[in-house]
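Q:
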Amino acid sequence: MPFERVLMKHVGVPNSTSLAVYQADGGYTGAARALRMKPDELVELVKQANLRGRGGAGFPAGLKWSFLPKDRKITYLCVNADESEPPTFCNRVLIDHDPHMLLEGILIAGYATRTTVAYIYLRGEFMEQFHVLQRALDEAYAAGYFGRNILGSGYDLECYIHRGAGAYICGEETGLIESLEGKRGWPRIKPPFPAVEGLFRQPTVVNNVETLACLPHLLTRGLEWWLGLGTANSKGPKMYCISGPVNRPGCYEAPLGITCRELIYGDDFGGGMRGGKKVKAVFPGGLSMGVLRGDLFPRAPAGTIDPRQDYDELDCVLDFDDVRKYDLLGLGTAAAVVVPEDADMRDVLVNVARFYALESCGQCTHCREGTTWMYKIAQRMRAGAGRLLDLDLLVEISQNMGMMPGMSICGLPDGAAWPVRTAVQKFRREFERRIAEQEPEAARRWTREVNRAAYELPVLQGRETTYVGGTFYQPP
Amino acid sequence: MSWRTIDRRTVAEEDLGPGLSTAAEDKIRAFLPRYPTKRAALLPALHIAQDAVGYVSLRAMRQIAELLELPPAAVMDVVSFYTHFWTHPKGRKTIVLCRSLTCELMGGGAVLAALEARLGIREHQTTPDGEYSLMTEECLAACEHAPCMLINEKLHKCVRVEDLDRILAEPANDKLDVARSNLFDAPTSDRRAP
Ligand SMILES: Cc1cc2nc3c(=O)[nH]c(=O)nc-3n(C[C@H](O)[C@H](O)[C@H](O)COP(=O)(O)O)c2cc1C
Ligand code: SF4
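Residue numbers (numbering that gives the first Met the number 0), protein chains in the order written: chain A, 0 to 475; chain B, 0 to 193.
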């Protein structure tokens with residue numbers, strides 16, 4: 000049976016942002032059904048559906064909701080619409096075409112968690128989306144879907160849109176909470192987790208736009224339909240984004256578990272590469288999740304997966320589990336960007352490293368300095384002054400920052416380490432070749448010119464070094 | 000995203016810049032009932048100030064601090080964190096070009112170079128006639144239309160170097176084509192950068 004689009008079913012429908020069109024297609028019946036259930040039954044349903052968060056971490060939404068303290072008086076729901084992970088745009092597509100689906104999801108999630116006020120944290124650059132969403136919200140208020148005694152159930156919910164102002168880190172849940180409170184978007188140390196003490200020091204749920212937009216369909220179509228979609232541990236529909244030099248860049252909906260090759264070459268998806276080029280690399284889940292090798296590399300022998308060998312990795316299944324076999328951090332946002340064969344990986348590395356260096360909020364030393372250091376090294380390599388040692392240095396830095404080695408407050412440096420480390424490890428041959436092609440002595444001249452302290456001290460400090468063929472050697 | 004320190008006692012009256020009108024202050028007050036604390040209305044207040052004054056001037060920061068019962072330093076602390084807010088005058092229209100990976104792969108670098116050449120300014124500068132300011136931002140979340148460019152509120156998609164003349168010549172190149180809600184006004188465009 001062909002898959003029927005649900006999240007994107009109104010894309011292309013004229014006037015799809017209006018309440019009338021949404022209602023004509025069964026809109027808000029899911030919410031009406033939810034309001035007849037008990038909140039705890041709803042949480043149980045979402046738990047059984049194993050609805051995993053679409054915002055990046057993939058944490059089951061039902062489980063998150065059940066962490067809320069039982070005796071709470073006030074609960075806040077924060078909707079994470081701060082979509083800033085390059086190259087993700089599925090939340091934007093959803094808000095552009097179907098704002099009421101999100102609002103219905105908010106109503107359902109709000110009722111399940113007994114939320115009193117919901118805030119939609121919309122990123123600052125979404126100007127058009129703000130007005131679309133605000134008008135949809137006004138319409139929903141007027142129709143009685145928000146406010147007091149919603150649909151006669153006795154449940155009250157207020158919903159406001161809060162505009163951000165251009166900071167990636169405000170997508171991190173505690174950064175978002177701080178920003179909503181009118182402060183710098185500095186993530187908080189966890190625990191306490193937001194479910195216990197979050198916004199205005201009250202229990203708070205933070206969920207992504209797409210996670211919430213799934214809820215109306217789960218209610219109207221039922222658990223069985225939901226569990227029939229996807230792979231073992233990843234259930235439900237997902238919006239996949241594909242961008243870069245493919246024939247049909249865009250956002251496409253599919254059940255969780257298509258392969259990366261399908262996403263790039265499938266006729267229903269990316270439609271192949273422009274000009275018949277080959278894929279050198281692809282970042283399949285947003286930049287932070289790391290990189291896969293493309294079909295420029297030979298195919299692996301059937302049945303083997305070994306990220307240490309230079310094989311084509313496009314057969315990676317984009318669900319929450321399979322990606323880890325390819326040394327990726329996770330599924331992330333399932334937004335892929337394709338790097339064509341004629342691009343220089345040094346440029347890619349500079350672009351990626353710059354993003355994290357500029358977006359680190361600066362609270363934690365390892366993150367602030369590590370991301371900047373990686374950016375400087377990447378820039379130096381691009382300028383034609385790389386050293387072989389830099390490749391090992393990049394790997395070493397990336398393994399010593401982030402939450403996993405326990406060096407930071409939030410997950411941004413993990414997201415910075417992964418693409419840099421996987422790019423260096425998986426494309427090492429290319430980097431080595433570029434360094435070998437450099438003008439001799441370039442590395443040494445450059446290191447003298449630029450900030451010595453930043454480049455030399457941490458590795459070469461106080462030790463005698465000799466310099467041969469682009470690399471510094473230290474006596475043992 | 001770094002701190003900027005200013006000794007408030009030594010700032011001359013004329014360097015404080017323009018302030019907020021009572022209409023703008025009322026708009027800010029309308030946001031207060033949404034949140035349990037006054038401070039939470041700071042981001043909406045700064046948006047309103049930037050749209051009304053053109054940037055977040057020191058005088059506007061003081062007024063907002065008074066409205067929200069905060070120390071002025073707390074307001075500046077927040078202003079300096081977010082890249083959307085300008086603390087110095089900018090042009091009538093701000094061009095924000097995306098510099099993230101997809102846009103760069105699709106030719107964003109050439110668009111930036113062409114823009115700089117055409118306007119005769121570099122990033123974070125304003126043209127002498129006060130018309131355009133230029134900056135780059137991380138991903139604008141419209142990667143299927145790369146390269147993207149935001150002029151004030153309007154997103155221009157799939158921008159090619161050849162299109163720049165046409166886009167810049169269009170007088171309404173910064174206006175939204177969707178119906179607005181009246182919570183936030185469009186940035187004023189009748190002011191000039193000094
Ligand atoms: C640095 C960083 C940036 C993030 N940015 C976003 C974002 O832009 N949008 C989003 O939905 N989640 C983002 N997240 C994930 C959130 O912290 C959180 O996991 C998510 O909003 C939870 O919602 P979900 O369970 O529905 O996925 C980010 C996380 C980190 C560490
Ligand atoms: S890890 Fe980085 S982004 Fe996260 S809180 Fe620390 S400094 Fe900020």
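By construction, the Cβ of each residue, glycine as well, lies at the ideal position given by its N, Cα and C atoms.
Quick check: the Cα distance between residue 146 of chain B and residue 239 of chain A, rounded to an integer number of angstroms?
A: 20 Å
Q: Run the CB neighbour count on residue 326 of chain A, radius 10 Å, all protein chains shown included, and call it buried at 16 or more, exposed below.
A: buried
Q: Is there at least one Cβ from chain B nearer than 9 Å to residue 8 of chain A's Cβ?
A: Chain B, which has no Cβ nearer than 9 Å to the Cβ of residue 8 of chain A, makes this no.
Q: How close, in whole Å, do the beta carbons of residue 184 of chain A and residue 360 of chain A come, if the pair is a contact with beta carbons under 8 Å?
A: 6 Å
Q: Check whether the stretch 214-233 of chain A touches the stretch 34-54 of chain A, taking contact to mean three or more Cβ pairs, one atom from each stretch, closer than 8 Å.
A: yes
Q: The beta strand (DSSP E) with residue 92 of chain B in it runs from where to where?
A: Run containing residue 92 of chain B: 92-97, per the beta strand (DSSP E) assignment.
Q: Can we say the stretch 301-318 of chain A touches the stretch 250-257 of chain A, given the rule of at least three CB pairs closer than 8 Å?
A: yes
Q: Looking at residue 334 of chain A: is its Cβ nearer than 9 Å to the Cβ of residue 263 of chain A?
A: no
Q: Short of 8 Å in beta carbon distance, which residues of its chain neighbour residue 452 of chain A, apart from the five on each side in sequence? Order them along the chain.
A: Low confidence applies here, because residue 452 of chain A scores a pLDDT of 39, under 50, leaving its location unreliable; read the following figure in that light. For residue 452 of chain A, where only same-chain residues beyond five positions count, there are no Cβ hits under 8 Å.
Q: Does ligand 2 have even one heavy atom less than 8 Å from the beta-carbon of residue 165 of chain A?
A: no
Q: I need the DSSP call for residue 80 of chain A, collapsed to helix, strand or coil.
A: strand
Q: Tell me whether residue 226 of chain A is buried or exposed, calling it buried when 16 or more other Cβ atoms sit within 10 Å of its Cβ.
A: exposed
Q: Hey, is the stretch 138-157 of chain A in contact with the stretch 186-203 of chain A, meaning 3+ C-beta pairs nearer than 8 Å?
A: no
Q: Which of the residues in the stretch 67-91 of chain B, read from start to end, lie with their CB under 7 Å from any CB of chain A?
A: 76, 77, 80, 81, 82, 83, 84
Q: Just jot down, in chain order, the residues whose CB lies closer than 6 Å to any heavy atom of ligand 2.
A: A:168, A:186, A:359, A:360, A:361, A:362, A:363, A:366, A:367, A:407, A:408, A:409, A:411, A:412
Q: Quick one: is residue 182 of chain A near chain B, going by C-beta distance under 9 Å?
A: Chain B, which has a Cβ nearer than 9 Å to the Cβ of residue 182 of chain A, makes this yes.
Q: Would residue 209 of chain A and residue 53 of chain A qualify as a contact pair, given that the criterion is a beta-carbon distance under 9 Å?
A: Less than 9 Å separates the beta-carbon of residue 209 of chain A from that of residue 53 of chain A.
Q: Give a yes or no on whether 9 Å exceeds the smallest Cβ distance from residue 59 of chain B to chain A.
A: no
Q: How big is the Cα-Cα spacing for residue 166 of chain A and residue 387 of chain A?
A: 34 Å
Q: Under 9 Å, do residue 398 of chain A and residue 420 of chain A count as touching if we go by C-beta distance?
A: yes
Q: Looking at residue 100 of chain B and residue 244 of chain A, is the spacing between their C-beta atoms short of 9 Å?
A: no
Q: Using the C-alpha atoms, what's the distance from residue 136 of chain B back to residue 59 of chain B?
A: 25 Å
Q: Give me the DSSP bridge partner(s) of residue 337 of chain A.
A: In DSSP, residue 337 of chain A forms a bridge with A:281.
Q: Consult DSSP for residue 180 of chain B and reduce its assignment to one of helix, strand or coil.
A: coil
Q: Could you pull the start and end residues of the alpha helix (DSSP H) that residue 90 of chain A belongs to?
A: Looking at the DSSP string, the run of the alpha helix (DSSP H) that includes residue 90 of chain A is 89-96.
Q: Quick one: give me the first and last residue of the alpha helix (DSSP H) that residue 365 of chain A is part of.
A: 364-381
Q: Identify, in the order they occur along the chain, each residue of the same chain with its Cβ nearer than 8 Å to the Cβ of residue 114 of chain A, setting aside the five sequence neighbours on each side.
A: 74, 75, 76, 108, 156, 204
Q: What's the gap between the Cα of residue 38 of chain A and the Cα of residue 44 of chain A?
A: Approximately 10 Å between the Cα atoms of the pair.
Q: Report whether the distance from the Cβ of residue 60 of chain A to the nearest heavy atom of ligand 1 is below 8 Å.
A: yes
Q: What span of residues does the beta strand (DSSP E) with residue 205 of chain A cover, start to end?
A: 203-207
Q: Measure the alpha-carbon distance for residue 177 of chain A versus residue 214 of chain A and round it to whole angstroms.
A: Their backbone Cα atoms lie some 27 Å apart in a straight line.
Q: Name the two residues that bound the continuous beta strand (DSSP E) containing residue 239 of chain A.
A: Membership of residue 239 of chain A in the beta strand (DSSP E) is indicated by the continuous run 236-242.
Q: State yes or no: is the C-beta of residue 174 of chain A within less than 9 Å of the C-beta of residue 121 of chain A?
A: no
Q: Within 8 Å: the Cβ of residue 83 of chain A and any heavy atom of ligand 1?
A: yes
Q: Does ligand 1 have even one heavy atom less than 8 Å from the beta-carbon of residue 53 of chain A?
A: yes
Q: What whole-angstrom Cβ distance do residue 92 of chain B and residue 150 of chain B have, given they're in contact under 8 Å?
A: 5 Å
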